[in-house]
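Below is one structure, written out as structure tokens, with a few remarks after it.
There are 2 protein chains.
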Amino acid sequence: MEMKKSSRKMQAAETKKKIYDNAILLFNKYGFENVSVDSIVEKAEVSKGGFYVHFASKDAILTEMINDYVNRLDFSYKSFAENAPEDAKTTDILLSFVDQITDTMEKIGYNLIKLAYRIHIERNNENDSLLSYDRELYRVFNTLIQRGISRGELRNDLSAEMVSNQFVTVIRGFTYEWCIRYPEFNLKDNLRRHFELLFAGIRR
Amino acid sequence: MEMKKSSRKMQAAETKKKIYDNAILLFNKYGFENVSVDSIVEKAEVSKGGFYVHFASKDAILTEMINDYVNRLDFSYKSFAENAPEDAKTTDILLSFVDQITDTMEKIGYNLIKLAYRIHIERNNENDSLLSYDRELYRVFNTLIQRGISRGELRNDLSAEMVSNQFVTVIRGFTYEWCIRYPEFNLKDNLRRHFELLFAGIRR
DNA sequence: GATGTATACTGACTACGGTCGGTGAACGAG
DNA sequence: CTCGTTCACCGACCGTAGTCAGTATACATC
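So the sequences go chain by chain: V and P.
The first sequence begins at 0 in numbering that gives the first Met the number 0 and counts up by one.
The second sequence begins at 0 in numbering that gives the first Met the number 0 and counts up by one.
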């Protein structure tokens with residue numbers, strides 16, 4: 000159902016993109032905290048009111064970027080799970096999956112993650128795709144755990160959905176700890192150790 | 000080594016207390032977000048600059064309140080551990096301890112906890128007593144786990160210190176999840192379920 | 001007692017995120 | 001074509017947290 004946009008809508012979309020692109024440019028150059036909305040609208044050559052037509056807040060523009068990015072990430076997580084060797088132990092696959100997530104997180108960088116976590120706690124994000132239980136990340140865990148149960152590797156008295164929700168919560172929780180204890184807290188080691196304990200608890 | 004304060008120091012301490020008391024009063028009445036520094040200094044009858052002599056930020060005044068409160072809490076946690084029945088199973092004691100923490104958290108209230116968690120992630124809290132591994136909360140877990148190990152109830156290949164650090168991280172992490180999913184996320188149930196899994200992993 | 005210094009305190013000031021009534025051009029209805 | 005409506009966009013304005021050069025005075029030193 001592709002529909003040609005009216006010139007007004009076209010113009011609006013172009014304006015939004017101009018704001019977005021210039022904002023990201025400035026964020027990368029000076030850091031989010033050091034970029035004012037005024038400087039964004041100046042560079043994008045729109046008015047302040049124009050900015051708030053397209054974005055609800057300064058945070059919103061970053062949220063949009065992060066959501067786009069995370070959706071692409073989740074896609075790569077999905078392919079990771081699909082390509083996991085059939086004969087490997089479920090807990091080993093899970094562990095290397097957790098490792099991959101940690102690596103990705105550290106690659107994205109402390110600063111951006113911290114911003115995302117701050118925004119999450121500041122705003123009441125009802126329809127946030129990062130928190131939706133439909134998010135691919137939850138599904139991947141669910142699939143792997145389900146497989147482990149049906150293979151008899153994991154306890155069968157547990158709900159795969161509940162366990163995968165817990166796993167994601169744990170990852171988020173440890174990442175939060177990483178943010179508030181940076182750089183002392185070693186995210187990878189601590190997550191590994193915790194999951195090893197958890198695996199001992201869910202193994203059959 | 001009690002030393003009589005000079006009149007200047009006395010005066011300063013009095014001013015600080017006047018600011019602090021009036022601020023807390025206003026926070027309780029209108030909510031933290033709805034109280035401006037201007038309104039605090041007006042009520043306390045000091046200048047704005049005077050406020051910033053005693054507190055580094057608006058958040059700092061709340062942090063001070065929270066720290067005081069949590070220190071008292073930790074004291075009550077300590078007495079909980081000391082009064083735990085000698086013959087009870089370690090994991091049962093731990094579980095009811097976690098329950099007590101959850102209850103306390105919910106009694107303090109979502110709003111205040113959320114504020115505390117936001118402040119933690121916004122600022123680089125190096126010498127924060129809430130994060131210090133010397134905090135009583137860590138010690139209580141450590142003691143209980145240590146006892147469990149020496150009684151042969153828990154695996155003896157684990158470091159009690161490491162496990163207790165993980166426990167606190169988990170509680171903080173689930174509380175963070177509670178903050179960003181409020182009110183959908185049931186803190187108590189989810190924490191219970193997770194600790195039950197963990198206990199299966201550390202039991203001998 | 002005179003003199004110099006440290007510091008509690010002042011308040012006008014800045015920079016910032018966000019708001020809102022107003023405007024004009026694109027658009028749909030007749 | 002005309003007329004009324006919608007809405008992207010404008011920019012002056014607001015309330016806020018935080019700053020800083022300046023002031024007055026308690027205090028230490030001689």
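Every residue, glycine too, gets a C-beta built ideally from N, C-alpha and C.
For residue i versus residue j, is the C-beta spacing smaller than 8 Å?
i              : j              : result
residue 105(P) : residue 172(V) : no
residue 153(V) : residue 144(V) : yes
residue 117(V) : residue 120(P) : yes
residue 101(V) : residue 187(V) : yes
residue 151(P) : residue 202(P) : no
residue 142(P) : residue 59(P)  : no
residue 6(P)   : residue 66(P)  : no
residue 64(V)  : residue 112(V) : no
Could you tell me the distance, in whole angstroms, from the CA atom of residue i to the CA atom of residue j?
i              : j              : result
residue 19(V)  : residue 50(V)  : 9 Å
residue 1(V)   : residue 68(V)  : Low local confidence applies: a pLDDT of 37 at residue 1(V) is under 50, so the model's placement there is unreliable, with the coordinate-based value given in what follows. Cα-Cα distance, rounded: 25 Å.
residue 57(V)  : residue 31(V)  : 9 Å
residue 74(V)  : residue 139(V) : 10 Å
residue 103(V) : residue 103(P) : 36 Å
residue 159(V) : residue 167(P) : 25 Å
residue 124(P) : residue 91(V)  : 36 Å
residue 3(V)   : residue 107(P) : Here residue 3(V) scores only 49 on pLDDT, less than 50, and its place in the model should not be relied on; the value that follows carries that caveat. Roughly 54 Å between the two C-alpha positions.
residue 184(V) : residue 157(P) : 19 Å
residue 76(V)  : residue 135(V) : 8 Å
residue 110(P) : residue 179(P) : 11 Å
residue 72(P)  : residue 99(P)  : 11 Å
residue 85(P)  : residue 155(P) : 20 Å
residue 10(V)  : residue 17(V)  : 10 Å
residue 83(V)  : residue 161(V) : 22 Å
residue 205(V) : residue 89(P)  : Only positions 0 to 203 of chain V appear in this structure, which leaves residue 205(V) out of reach.
residue 194(P) : residue 94(P)  : 7 Å
residue 33(P)  : residue 174(V) : 30 Å
residue 133(P) : residue 87(P)  : 26 Å
residue 8(P)   : residue 70(V)  : 57 Å
residue 189(V) : residue 21(V)  : 38 Å
residue 149(V) : residue 38(V)  : 56 Å
residue 126(P) : residue 54(P)  : 16 Å
residue 12(V)  : residue 122(P) : 36 Å
residue 78(V)  : residue 78(P)  : 51 Å
Under the assumption that residue i contacts residue j (Cβ atoms under 8 Å), give the Cβ distance between them as a whole number of angstroms.
i              : j              : result
residue 181(P) : residue 164(P) : Actually they do not touch by this definition, with Cβ atoms about 26 Å apart.
residue 114(V) : residue 61(V)  : 6 Å
residue 36(V)  : residue 47(V)  : 7 Å
residue 197(P) : residue 200(V) : 6 Å
residue 45(V)  : residue 14(V)  : 6 Å
residue 169(V) : residue 169(P) : 7 Å
What does DSSP give as the partner residue(s) for residue i in the beta ladder?
i              : result
residue 202(V) : 153(V)
The ligand ATP heavy atoms versus the CB of residue i: any closer than 7 Å?
i              : result
residue 102(V) : Of ligands this structure carries none, so the ligand ATP is not represented either.
* Can you list, in chain order, the residues of the region 97–110 of chain V whose Cβ is nearer than 7 Å to any Cβ on chain P? -> none
* Asked: In chain order, what residues of the region 169–194 of chain P put their CB closer than 9 Å to some CB of chain V?
  -> The residues in question are 169, 170, 171, 172, 173, 174, 175, 176, 178, 179, 180, 181, 184, 189, 192 and 193.
* To do: Give the residues from the region 126–159 of chain P that approach chain V closer than 9 Å (Cβ to any Cβ), ordered along the chain.
  => Of all residues in the region 126–159 of chain P, the ones placed with a Cβ closer than 9 Å to any Cβ belonging to chain V are 127, 130, 154 and 157, in chain order.
* Asked: Along the region 111–123 of chain P, what residues have a CB closer than 7 Å to any CB found in chain V?
  -> 113, 116, 117, 119, 120 and 121
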